[in-house]
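Undergrad:
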Amino acid sequence: VAKIMDSYPGKQILYGYVSDDTVEEEIAVERASTTGKYLVPTSEVSNLSYHSAVRADAPLKPLKKKRKRLPKLDSSEVNVAIAITDGDNMQIPIMQYPIPGFWDTEDRGVMPLGWSMGVSLSSLAPGIWEFYRSTAKPNDEIVSIMGIAYVHASTLPEPAEYYKATFASMKDMGLTTLWSLDSSLTITDEPLWDAFENAPSRKAWKGVLVGYGPSIDKAFN
101 VAKIMDSYPG KQILYGYVSD DTVEEEIAVE RASTTGKYLV PTSEVSNLSY HSAVRADAPL
161 KPLKKKRKRL PKLDSSEVNV AIAITDGDNM QIPIMQYPIP GFWDTEDRGV MPLGWSMGVS
221 LSSLAPGIWE FYRSTAKPND EIVSIMGIAY VHASTLPEPA EYYKATFASM KDMGLTTLWS
281 LDSSLTITDE PLWDAFENAP SRKAWKGVLV GYGPSIDKAF N
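101 is the number of the first residue of the sequence shown in this note's numbering; add one for each residue after it.
#1: Do we get a CB-CB distance below 9 Å when we pair S254 with the residues of chain B?
#2: Give the secondary structure of A249 by DSSP, where H, G and I count as helix, E and B as strand, and everything else as coil.
#3: So the beta strand (DSSP E) S223 belongs to, where does it begin and stop?
#4: Just to confirm the assignment, what range does the beta strand (DSSP E) spanning I113 have?
#5: Give the single residue among D289, V308 and L256 whose Cα lies nearest to the Cα of V129.
#6: Can you tell which of P212, Y250, W203 and N298 has the C-alpha that lies nearest to the C-alpha of G218?
#7: Does the beta-carbon of V180 have 16 or more other beta-carbons within 10 angstroms, so that it is buried, or is it exposed?
#8: Figure out for me which residue from L309, L221, G136 and M195 has the closest Cα to the Cα of M105.
#9: Starting from W203, follow its DSSP beta bridges and name the residues at the other end.
#10: Going by alpha carbons, who is nearest to V140 out of G247, G307, L292 and L309?
#11: Just to confirm the assignment, what range does the beta strand (DSSP E) spanning L139 have?
#12: Taking the DSSP output, what are the residues bridged to I184?
#13: Got a sec? Which residues, its chain only, sit under 7 Å from I194 by beta carbon, not counting five neighbours each side?
#14: Tell me the DSSP secondary structure of T286 in three-state form.
#15: What is the rounded straight-line gap between the Cα of D174 and the Cα of S149?
#16: With distance defined between alpha-carbon atoms, name the residue in D157, R302, L278 and Y232 nearest to I245.
#17: Is the beta carbon of P198 closer than 9 Å to that of N239?
#18: What are the boundary residues of the alpha helix (DSSP H) that includes V310?
#19: Quick check: the Cα distance between W293 and S254, rounded to an integer number of angstroms?
#20: Quick one: is D157 buried, meaning 16 or more other Cβ sit within 10 Å of its Cβ, or exposed?
#21: Using 10 angstroms around the beta-carbon of T276, count the other beta-carbons present and answer buried if the total reaches 16, otherwise exposed.
#22: Could you round the C-beta distance between F267 and S301 to whole angstroms and report it? I think they count as a contact, below 8 Å.
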């Protein structure tokens, strides 16, 4: 699989998946990233060709701004945010979130909750994105998971280009929080922060949750 990926030029999008378990996942995503490929996980997604053909009622619209204003954080207290992840796989917003125990539960909106979704949802399944955009409640925050693809930006040949496209997509969708799974960003003085902070459309986001586990330094910026 690595040889096949290596044979294609950079900035190619890989659909599907490239591993069978978490060990292979780390190796495969790193290999794809170092050669400039963008992985958009679509494994186990039923009828993606159908969803990509179903258009929304109107051209792409940003998320409605109707979130509740959260109280100011107290630095002397432990501040907790709760969000659901694995939304980098298109299978999650298309097939998992809509079931009664998640987005369609009557209890949704009782507490502030983050819902992670890949920004490619707006182009691969525009009708699905319009459903979430139009039905989000004030306590729902849709979070951009990874950005335009599942990569390790720290090993991309051109991370600035990746962030440029990611922030532009977030701006179009009205998303302001990025959830990055690149563990490098858990280190405050990581050089990748320069590309991150200086990317065009930087003002589109207000915060980033970094990493996918215990942080080396900061978990949120």
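Just so it is clear, CB atoms sit at the ideal spot from N, CA and C, and this is done for glycine as well.
TA: On the basis of the coordinates in this document:
#1: You won't find chain B in this structure, because it holds only one protein chain.
#2: Translated into the one-based positions of the sequence shown, residue 249 becomes position 149. A249: coil per DSSP, three-state reduction.
#3: Indexing the sequence shown from 1 puts residue 223 at position 123. That residue, S223, is in no beta strand (DSSP E); its alpha helix (DSSP H) goes L221 to L224.
#4: Looking up residue 113 in the sequence shown gives position 13. Annotation: the continuous beta strand (DSSP E) that includes I113 extends over I113 to G116.
#5: For the purposes of this step, residue 129 is taken as the residue at position 29 of the sequence shown. L256 is the residue among D289, V308 and L256 whose C-alpha sits nearest the C-alpha of V129.
#6: Here the question's residue 218 lines up with position 118 in the sequence shown. Nearest Cα to G218 within the set P212, Y250, W203 and N298: Y250.
#7: Here the question's residue 180 lines up with position 80 in the sequence shown. Per the 10 Å Cβ criterion, exposed.
#8: The residue given as residue 105 occupies position 5 in the sequence shown. The residue with the shortest Cα to Cα distance from M105 is G136.
#9: By 1-based counting over the sequence shown, the position of residue 203 is 103. Answer is none; W203 lacks a bridge partner.
#10: Taking the sequence shown and counting its residues from 1, the one referred to as residue 140 is at position 40. The residue with the shortest Cα to Cα distance from V140 is G247.
#11: Locating residue 139 in the sequence shown gives position 39, counting from the first residue. Element bounds for L139: Y138 to P141.
#12: Working through the sequence shown from its first residue, we reach residue 184 at position 84. DSSP lists W215 as partners of I184.
#13: On the sequence shown, position 94 is the one that residue 194 refers to. Closer than 7 Å at Cβ, skipping near neighbours: V145, H151, A225 and I228.
#14: Locating residue 286 in the sequence shown gives position 186, counting from the first residue. Residue state, collapsed to three classes: helix.
#15: Against the sequence shown, residue 174 aligns to sequence position 74. Against the sequence shown, residue 149 aligns to sequence position 49. Approximately 47 Å between the Cα atoms of the pair.
#16: Here residue 245 is taken as the residue at index 145 of the sequence shown, counted from 1. Just measuring C-alpha positions, the residue of D157, R302, L278 and Y232 sitting nearest I245 is L278.
#17: Here residue 239 corresponds to residue number 139 of the sequence shown, with the count starting at 1. Here residue 198 corresponds to residue number 98 of the sequence shown, with the count starting at 1. No, Cβ-Cβ distance for N239 and P198 is not below 9 Å.
#18: Numbered from 1 along the sequence shown, position 210 holds the residue referred to as residue 310. DSSP places V310 outside any alpha helix (DSSP H); the residue lies instead in the beta strand (DSSP E), whose first and last residues are G307 to V310.
#19: Here residue 293 refers to the residue found at position 193 when the sequence shown is read from its first residue. Here residue 254 refers to the residue found at position 154 when the sequence shown is read from its first residue. The alpha-carbon atoms of W293 and S254 are separated by roughly 9 Å.
#20: On the sequence shown, position 57 is the one that residue 157 refers to. Label assigned to D157: exposed.
#21: For the purposes of this step, residue 276 is identified with residue 176 of the sequence shown, where counting begins at 1. With a threshold of 16 other beta carbon atoms within 10 Å, T276 meets it and is buried.
#22: Counted from its first residue, the sequence shown places residue 267 at position 167. Counted from its first residue, the sequence shown places residue 301 at position 201. The C-beta distance from F267 to S301 rounds to 4 Å, short enough to meet the 8 Å contact threshold.
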